[in-house]
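Counting in this note's numbering, the final residue of the sequence shown is number 1583, and the numbers go up one at a time with none missing. Everything on this sheet refers to the single structure shown next.
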Amino acid sequence: PLLLYALNMGGRLLPVVVVCILTLLPHSLLGKPEEEGGAASSARLQRVKRGWVWNQFFVLEEYTGLDPLYIGKLHSDMDKGDGSIKYILNGEGAGTTFTIDDGTGDIHAIQRLDREVKAQYVLRAQARNRLTDRPLEPESQFIVKIQDINDNEPRFLDGPYQASVPEMSNIGTPVIQLTATDADDPAYGNSARVVYSILEGQPYFSVDAKTGVVRVSLADMDRETRENYTVVIQAKDMGGQLGGLAGTTTVNITLDDVNDNPPMFDQRLYQMSIPEVGPVGSVVGRIWARDRDVGVNAEMEYSIIDGDGRDTFDISTDPTNLFGIITVKRPLDFESKPSYTLKVEGANTHLDPALRHRGPFKDVTIVHVSVEDVDEPPLFDTPAYYVELSEDAEIGTVVKTVSARDPDAANNTVRYSIERSSDPEAFFYMEITSGALITVRSLDREEVGWHNITILAMEMSNPTQISSAQVAVRVLDVNDNPPSLTHYLEAYVCDSAKAGQLIQTVAAVDRDEPLAGQRFEFRLSPETVNNPNFTLRDNQDNTAGVLTRRGGWSQQDQTVFYLPIFISDGEQPVHTGTSTMTIRVCSCDHEGNVMSCNAEAYTLPASLSRGALIAILACIFVLLVMILLMLSLRTHRKKPFLCDEEENVHENIVRYDDEGGGEEDTEAFDIGAMWNPREAHHHPPGKVRQDMLPEIESLSRYVPQAIVGGVGGDSNVHGYVKRGKPFCFWGRGQEAGVSQQARLDDRVTESPFPYFFRTHRRAARRLHLVLSEKRRLQRR
């Protein structure tokens, strides 16, 4: 075996590293002594197998020296020590964690090794010729195992911890189990052997040194005294020996509540009050029995176990199950009983069987309830009255006498009245002081069968105190209505009908409602008992059949027959009625279907009379006339207002011009051109006034505003212009004056008459005549 020694570092000799040779040694190495001993062993030296003299190395972790850590030495039996062989290292950590001296085969660790990170490394080594790099040996594998040292303390992975235990638990009750882990090798000494101890939390809790279970070590711990505890637990390796590493954690322990405290009322006597008008269900007050426990352990149930108000008041628990709510169970009356006493018990609803010996878990208190006096409205002896009254009762009949009293000690006088909305037709009257309800109108069951009267009662001294009661009056029926047919009947008889043929079945109705039911009798009226045409058969079921007595009907003989039917009811007093049936003679086919009747009015719908049809037609006619009138007004066009007839204007001015005695005046214009402006352009040239300037196109802009106004300033033509101004051309809001005449003269010289004629025929014609008259007057 090859022994490798570690270097002496730090002044002390490190443990010896033993290299275990697991492979066979080379035969060359084993045969060398035999050659020295004699030739007897020479035969064994024929086959030589070269190989490594190592297979596994061991090294301690966490080396902290400055020099590389020597691991071991590799050597091949072919190595002669002349440096011709080089060693090569491959595998895990080769070149980074481990290095090899290629000449000597020495292996060193150049990085810090940690077993908890990696416990072993698998490497491969090979010897090669340094010059040719030819492998001299097959590559061989070896292992470097890292030996553990105690370099990791125990750790609690899930701390800090939260735990709980019921209060009042017995000693030894387990709370929580803790587990610490040590990363060191549990197979190497005591490095991973953990022991638990408690550093903080005594004397309330303890911990098992081997298992790490935290237990209760103090009996009867009370949550109401202290609820939370902090416990510090230590875990130490090396079996707890000196020099071992330790880790700690914190456990926060909470005591869970149990029902170990009975409830207690704050007061032994509660004083409460409520007005006497407090309705049933109204709250009188609240009480609370305090319980030091929490949650369901503090929930309460309240009950009234004794007292004179046990039947008048009730108590219930609010939704939180903590408070007791006292409510009114029956109506209160200060005058009857002004105060009550209640004995109330409050008890826990959830009990712990293990703690029953700490009970009883309930408490009792006294509640005194005072009833406050209130001015109350009058009180009827009953809130509703029922009366039956015959419909033939006489006016002034007393229907019912109601009674109400003042419930207060003052006992004020009460007066009565009817709420008018309950008797809008005023069938009844209420006597103010006595409370008698009296009829003032006749009753009719067929009109109103029930009368629901609201009676008001109020205190004489305080009208605001009002109460009411209902009086239901049922009107009883008497036989006061005659029977009649169910509806107005019209029937027909075919001209081919034979004697005894049923032509109609009739039924009767009576507005009365006898207790035994309706029973009607039908017969013909006395004057028509011997009717030769028809007869009546009573069917004994409140119906009757109309039958023919003969045949041979003809529309030429008679088209309509009237048959009076006499009906009587079976009540007392007996009432009778008569209804008349109209029977028409019609032509029918062989199946009895009506083909024609002479009375055409019979075929009209019952809902549309002849008068209504005439009224509808009249309305339609009036509507059509109005529409035509409106259309006529809209299409009508107003005729233009002229100053005068054109012929008269022309003729009057011409005669007026003749008085001036100028031939040129009559030739200054062409009458034909006035009537036909388009010919003005083609008219042969004639005499032209020498005192007139050439005509231009701008005159059309001035005529509506100033030209005619200027003419108005001439007194000689005033008569014509005065008539023409309101209906022809007019100035803008003012009378034409003399000041405008000068502007007229300037503008007229530029007036384009041919253009003007094309646009304003009538105005141009009249204007031309006026201007001619003006010139003649100026020449004079």
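Glycine is no exception: its CB is placed at the ideal position from the N, C-alpha and C atoms. Remember, predicted model here, so these are calculated numbers, not experimental data.
Cβ separation of residue i and residue j, assumed to be a contact under 8 Å, to the nearest whole Å
i     : j     : result
F1337 : L1366 : 5 Å
G1015 : L1045 : The pair is not a contact, with the Cβ atoms about 21 Å apart (cut-off 8 Å).
D1111 : T1144 : 6 Å
E1104 : A1150 : 6 Å
N1282 : D1341 : Going by Cβ atoms, the distance from N1282 to D1341 rounds to 20 Å, so no, they are not a contact pair.
L1192 : V1278 : 6 Å
A1012 : V1034 : Contact doesn't hold; Cβ gap of about 15 Å is too wide.
L892  : I874  : With a Cβ gap of about 11 Å, L892 and I874 do not count as contacting.
G975  : V1019 : 7 Å
A1275 : Y1219 : In fact, because the Cβ distance is near 17 Å, the residues do not count as touching under 8 Å.
L1350 : I1306 : 7 Å
V1309 : A1347 : 5 Å
F1008 : Y1032 : 7 Å
For residue i: DSSP bridge partner residues
i     : result
H1171 : Q1074, T1144
V1332 : None; V1332 has no bridge partner.
R918  : Answer by DSSP bridge pairing: none, since R918 is not bridged.
V1296 : V1388
H1153 : According to DSSP, H1153 bridges with nothing at all.
W1253 : R1277
L1259 : S1220, S1271
S1575 : None, per the DSSP bridge assignment.
M1103 : N1151
N1031 : T1057
Q1358 : For Q1358, which the question treats as bridged, DSSP gives no partner whatsoever.
H1290 : DSSP output for H1290 lists no bridge partner at all.
I910  : G875, I903
M1067 : R1093
D1117 : T1130
A980  : Reading off the sequence shown, one finds Gln at residue 980, where the question assumed Ala. In the DSSP output, where bridge partners are listed per residue, Q980 has V1016.
Same chain only: Cβ atoms within 6 Å of residue i, ignoring 5 sequence neighbours per side
i     : result
A1187 : Q1273
Q1581 : none
I1108 : K1146, E1148
Q944  : R927
F1183 : A1207, A1272
Own chain residues within Cβ distance below 8 Å of residue i, not counting five before or after
i     : result
T1381 : S1328, P1367, I1368, F1369, I1370
R1029 : L1058
D1114 : K1132, R1133
V1097 : D1060
A966  : V978, I979, V1017, V1054, N1055, I1056, T1057
L1158 : M971, V1061, N1062, D1063
Proximity winner among the options, relative to residue i (alpha-carbon distances)
i     : options                    : result
I1001 : S967, G1050, P938          : G1050
F1231 : V1201, R1208, D917         : V1201
T1585 : M1233, E1250, E1249, R1248 : Nothing about residue 1585 can be reported from this structure: the residues present for the chain run from 804 to 1583 only.
F901  : D882, Y924, V920, G886     : Y924
N932  : I903, T976, I946, M881     : M881
E1222 : S1142, V1099, S1139, S1271 : S1271
P1066 : R1093, V1080, S1085        : R1093
N858  : G1004, N1062, S879         : S879
F1325 : P1335, N1334, L1339, T1331 : L1339
T1152 : N1100, E1179, I1169        : N1100
S1106 : P1122, T1123, A928, G1127  : G1127
Y964  : K948, V947, A983, G975     : A983
K1039 : F959, G1081, Q1070         : F959
T1123 : W1091, S1142, S1139        : W1091
R915  : E864, K948, D1195, T1379   : E864
E1374 : D1280, S1299, N1215, Q1304 : D1280
G884  : E1330, A1302, A930, F861   : A930
P1180 : S1264, K1140, R1579, A1196 : S1264
W1356 : L1434, Q1321, Q1304        : Q1304
I913  : V862, P938, T1120, V1312   : V862
Nonlocal neighbours in the same chain, by C-beta distance under 7 Å from residue i, ignoring five residues either side
i     : result
E1249 : N1284, R1314
V1087 : M1075, I1077, F1116, I1129, T1130, V1131, V1172
D1392 : M1398
G1664 : Because the chain is modelled from 804 through 1583, residue 1664 falls outside the range shown and cannot be assessed.
S1225 : N1255, I1256, T1257
Closer than 7 Å to chain C by CB, residue i
i     : result
G1110 : In the displayed structure, chain C is absent; only one protein chain is listed.
- prompt: Is the number of C-beta pairs between the stretch 939-958 and the stretch 986-1004 that are closer than 8 Å three or more?
  reply: yes
message: Would you call the stretch 1017-1026 in contact with the stretch 965-972, where contact means no fewer than 3 C-beta pairs closer than 8 Å?
response: In the pairwise beta carbon analysis, the stretch 1017-1026 is classified as touching the stretch 965-972: at least three pairs are separated by under 8 Å.
query: Are the stretch 1381-1390 and the stretch 1287-1299 touching, with three or more C-beta to C-beta distances below 8 Å?
result: A contact is defined here as three or more CB-CB pairs under 8 Å, and the stretch 1381-1390 meets this definition with respect to the stretch 1287-1299.
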